[in-house]
Amino acid sequence: MNEAPIQGEGDPMRLDTFSMLENLSEEVRSFYEEVKDLRITPAGDARTCSHLIREQFDFESPVPAAELFESVRTLMRDWTIHVTHPRSFGNFNPSVTVESIVGDALTALYNPQLAVWAHAPAALELENRVLDLFRARFGFDVESSIANFTSGGAEANLSALVVALTHGLPDYGEKGLVGVGEQPTLYLSTGGHESFIKAAHIAGLGRTAIRRVPADANHQLDVASLATMVREDRSKGKFPLMVVGTAGTTAMGMIDPLCEIGDFCRSEGMWFHVDAAWGGAAILSDRLKSTLAGIESADSITCDAHKWLSVPMGAGMFFCRHRSSVLQAFRISTGYMPEATSDRVDPYSSTMQWSRRCIGLKVFISLAARGRLGMAQIIEHQAAMGDYLRTRLVANGWSVTNNTPLPVVCFTHNRIRNSANETKRIADKIVSNGSAWISNIEMTNGQPSLKACVTSFRTQSSDIDHLVESLQQSLRVH
Ligand SMILES: *Cc1c(COP(=O)(O)O)cnc(C)c1O
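If you count by numbering that gives the first Met the number 0, then the sequence shown holds residues 0 to 477, one letter each, in order.
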């Protein structure tokens with residue numbers, strides 16, 4: 000009898016790569032446990048990593064499976080800033096749940112093609128189930144609105160701009176901006192996200208189309224200044240197209256006055272986009288959702304699953320109240336793709352991407368495994384850890400420099416206040432020590448500040464105590 004192993008069947012090289020699956024499941028278990036004791040930052044100069052890889056892999060001779068797995072595992076552990084560490088107080092990159100890792104692995108296994116509904120109905124309907132929950136929570140009508148998963152917030156924000164242009168300027172789609180004449184302009188606060196600058200460049204508006212609206216004393220978009228800027232731009236012949244309200248600014252976690260911005264946009268006939276890339280997940284929490292009041296009046300919303308929903312990158316979501324404008328913006332037909340039917344839209348002709356992986360399975364699995372209340376609990380726990388950090392900082396003589404219900408804590412100390420260099424030195428000291436990760440920022444008023452964002456469901460009060468102790472120490476040896 001021919002005793003060819005089943006593994007590698009149909010694979011001309013018959014590699015023993017199935018053994019790596021056992022390695023994988025072992026590594027998921029051990030890394031999940033061990034990450035809390037690892038250094039968060041690489042121990043050496045990051046450039047060494049590139050030399051190591053070039054030395055180990057020439058791609059000429061095959062590397063045996065066990066050795067290959069071990070090499071990759073070691074490289075990834077040694078040369079990564081471990082955002083899943085409980086004391087990674089960084090920029091919204093979460094710890095990931097085991098079920099979400101399984102969701103991503105299953106996606107890779109079946110490799111469903113999500114361009115066409117009929118080719119991947121299970122994958123798309125699993126995604127749609129998640130999007131429907133969010134649409135309902137955001138207060139969108141499920142019949143007349145539309146939503147899709149994206150690679151992340153940047154793609155969702157670009158989608159919003161393209162749809163707003165298509166909606167507001169009938170000639171934009173066919174003739175481009177040349178056919179429009181006047182320059183469309185876009186307004187966001189000084190704390191708003193820079194992905195809109197790239198979006199303005201890509202969409203052909205030009206970067207000067209971005210108007211930065213000053214923040215008020217509380218670091219939120221100042222609606223009176225917005226009104227003045229829009230009026231002036233109109234008088235100069237510009238076309239004020241869209242206002243972005245940010246729900247959870249990247250540097251300071253601030254939520255712009257969404258209700259007022261929504262009212263303003265309606266009175267001016269402008270598109271209202273809410274960039275809730277990080278903060279939007281709070282909509283799942285009955286306790287925190289009121290912080291997003293006003294989001295229900297948005298024309299479109301960006302919300303990332305890969306930030307506050309504890310799933311691996313990249314998983315963004317784009318929501319739009321105007322189904323027909325989205326279908327108009329991304330419409331396409333070919334001689335080789337199936338024609339759309341009226342009841343099911345095909346993602347290749349209703350979203351930015353063409354061939355697309357299943358992004359939402361990891362989110363679906365997480366929501367199904369924990370229930371909405373379980374996911375809400377994770378979010379509320381992190382908000383509570385943010386509150387605890389504020390309390391501990393103040394008790395130790397630090398002052399908190401922002402005012403937000405979300406767990407982004409900006410803070411300073413009399414000894415470093417006003418000095419960007421000293422502030423950065425403290426952050427660098429904490430990071431180089433390897434047991435916690437924080438950053439330094441410039442606030443909307445130009446002042447320097449330290450920043451710690453609770454972004455991991457693993458973060459416990461002992462981790463907060465550890466951070467505060469390290470901060471005290473870095474101040475003492477200062
Ligand atoms: C992270 C973030 C973005 C960019 O999203 P990506 O998922 O990184 O593409 C945009 N806006 C805000 C407010 C963000 O926090």
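Ideal Cβ positions, reconstructed from N, Cα and C, are used throughout, including at glycine.
Proximity winner among the options, relative to residue i (alpha-carbon distances)
i: E432; options: R86, P61, N22; result: Sequence check: residue 432 is Asn here, not Glu. Closest by alpha carbon: R86.
i: R20; options: L105, K174, P41, S332; result: The question names Arg, yet the displayed sequence has Leu at residue 20. Of the candidates L105, K174, P41, S332, the one whose C-alpha sits nearest the C-alpha of L20 is L105.
i: R416; options: G396, A435, T403; result: G396
i: V243; options: L287, S194, I282; result: S194
i: S438; options: A223, S354, T411; result: T411
i: L185; options: V177, H84, I209, D36; result: I209
i: L470; options: I440, K428, N444, E441; result: K428
i: P213; options: K423, I377, G445; result: G445
i: G138; options: D342, R320, R28; result: R320
i: N420; options: K237, P404, I440; result: I440
i: L257; options: M251, T245, T249; result: T245
i: D303; options: P239, A155, H50, A368; result: A155
i: D464; options: V476, R389, T454, P406; result: R389
i: A107; options: R475, Q472, S434, R355; result: R355
i: K237; options: E259, V476, P183; result: P183
i: S398; options: Q352, R134, G293, N413; result: N413
i: A45; options: S234, P63, F58, L74; result: L74
For residue i, the three-state DSSP class (helix, strand or coil)
i: W307; result: helix
i: A117; result: helix
i: Y171; result: helix
i: I39; result: coil
i: G279; result: helix
i: G315; result: strand
i: H465; result: helix
i: S18; result: helix
i: V243; result: strand
i: T184; result: strand
i: I377; result: helix
i: F30; result: helix
i: L474; result: helix
i: E193; result: coil
i: C258; result: helix
i: I80; result: coil
i: R356; result: coil
i: S460; result: helix
i: N1; result: At N1, the pLDDT of 45 sits below 50, so the modelled position is not reliable; the number obtained from the coordinates is stated separately. Three-state DSSP puts N1 in coil, outside helix and strand.
i: V95; result: coil
i: R210; result: strand
Cβ pair residue i, residue j closer than 8 Å
i: A114; j: D345; result: yes
i: S460; j: C409; result: no
i: M384; j: T458; result: yes
i: A276; j: H192; result: yes
i: I52; j: H81; result: no
i: M251; j: N401; result: yes
i: L466; j: A426; result: no
i: I76; j: L37; result: Reading off the sequence, residue 76 comes out as Arg, not Ile. Their beta carbons are under 8 Å apart, which means R76 touches L37 by this criterion.
i: G278; j: L130; result: no
i: F363; j: R128; result: yes
i: L157; j: A198; result: yes
i: D255; j: Q219; result: yes
i: G190; j: M253; result: yes
i: A159; j: S299; result: yes
i: G203; j: G175; result: yes
Residue i Cβ short of 7 Å to ligand 1 heavy atom set
i: G178; result: no
i: K306; result: yes
i: D274; result: yes
i: F317; result: no
i: G244; result: no
i: H192; result: yes
i: F91; result: yes
i: G138; result: no
i: G247; result: yes
i: N156; result: yes
i: W397; result: no
i: W353; result: no
i: D255; result: no
i: Y303; result: Note that residue 303 is Asp in the sequence shown here, rather than Tyr. Because some heavy atom of ligand 1 lies under 7 Å away, the Cβ of D303 counts as near it: yes.
i: W277; result: yes
Residue i: CB within 7 Å of a non-hydrogen atom of ligand 2
i: G151; result: Because ligand 2 does not appear in the structure shown, any question about it cannot be addressed here, the ligands present being ligand 1.
Min CB distance residue i to chain B below 8 Å
i: S94; result: You won't find chain B in this structure, because it holds only one protein chain.
Could you say if the segment 314–330 and the segment 134–145 meet the contact criterion of at least three C-beta pairs nearer than 8 Å? yes
Examine the Cβ distances between the segment 94–114 and the segment 298–317 and report whether three or more of them are shorter than 8 Å. Touching, yes.
Does the segment 256–272 come within contact of the segment 163–174, defined as at least 3 CB pairs closer than 8 Å? yes
Check whether the segment 258–266 and the segment 212–225 touch, using three or more Cβ-Cβ pairs below 8 Å as the test. yes
Do the segment 355–364 and the segment 109–128 meet, that is, are 3 or more Cβ pairs less than 8 Å apart? Contact between the segment 355–364 and the segment 109–128 is present, because at least three Cβ pairs lie under 8 Å.
Would you check if there are 3 or more beta carbon pairs closer than 8 Å linking the segment 327–334 to the segment 283–303? The answer is no - the segment 283–303 does not touch the segment 327–334, with fewer than three Cβ pairs under 8 Å.
The segment 66–85 contacting the segment 27–44, beta-carbon criterion three pairs below 8 Å: A contact exists between the segment 66–85 and the segment 27–44.
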